[in-house]
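K.L.:
Please read through the structure below; I'll follow up with questions.
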Amino acid sequence: MLEVNGLQFDYLNHITGGLDKNLVLEELMQAYGKEVWNFAYFLTRRAELADDVTQDVFVKVYERLYSFRGQSSVKTWLFAITRNTAKDALHSSWLRKVILLPVWRQREVHPSAEKEHLDRQVTEEIWSVVLSLPRKLREVLLLHTHHGLSLKEIAAVLQISEGTVKSRLHRARAAVNRQLGEGDS
């Protein structure tokens, strides 16, 4: 069962029940579009390229909709397509610019200007450290902490073993902690 916005439905039933591909694609875009874009942005570090990658991902999803076998979650399937599409886009472009990604939202209704400034500095420092990690460590860390994928799902997206995922996640966390700790001294 796939759960979208609190509603459960059997994805394969949608497909085999003869529903319109456009309707299924629209549901997938509404349910996962923002996460696909965020992952594409993380991988490409360019909003315009993330837009293009996201569009390409959903075109590929539309073309391959009936080939989804349900061996992984739909989210895992989408992230694998996103990763491969972003990789192709990066290989064919001249991008190498690092852009910091502000992700944390203010939870306070009226934070002080000083608090906003400090929060922004901390966020930029953390993302600077995360983005300085080698790609293999960055991917695992983002998929686990930001997108909430399990080790098994990350292994499926990256096509590596769960043990490798665990190792990379441990190394990524250690590197972030080490670099942030050095900044305090």
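Oh and the sequence shown: position 50 is 288 in my numbering, straight run, nothing missing.
Even glycine gets a Cβ: it sits at the ideal position worked out from N, Cα and C.
1. For the segment 384-391 against the segment 357-369, are there 3 or more C-beta pairs whose distance is under 8 Å?
2. Whole angstroms is fine: what's the gap from Val378's alpha carbon to His384's?
3. Taking all protein chains shown into account, decide if Leu356 is buried (16 or more other Cβ within 10 angstroms of its Cβ) or exposed.
4. Would you be able to state if there are at least three C-beta pairs under 8 Å between the segment 307-324 and the segment 290-298?
5. So, at 7 Å on beta carbons, what are the nonlocal neighbours of Glu400 in its own chain, with the 5 sequence-adjacent residues on each side left out?
6. Hey, how far is the Cα of Val414 from the Cα of Glu354?
7. Is there a Cβ from chain D that is less than 7 Å from the Cβ of Arg406?
8. Got a sec? Which residues, its chain only, sit under 7 Å from Gly419 by beta carbon, not counting five neighbours each side?
9. Closest to Leu281 by C-alpha separation, out of Leu369, Glu264 and Gln397, would be which residue?
10. Tell me the rounded alpha-carbon separation between Arg409 and Leu375.
11. With distance defined between alpha-carbon atoms, name the residue in Val291, Leu396, His382 and Val274 nearest to Val407.
P.N.:
Answer, in terms of the structure:
1. no
2. 10 Å
3. exposed
4. yes
5. Leu389, Lys390 and Ala393
6. When rounded, the distance between both Cα atoms is 23 Å.
7. The chain inventory of the structure shown lacks chain D, comprising one protein chain alone.
8. none
9. Leu369
10. Cα to Cα, Arg409 sits roughly 7 Å from Leu375.
11. The sequence given here has Leu at residue 407, not Val. Closest by C-alpha distance to Leu407, out of Val291, Leu396, His382 and Val274, is His382.
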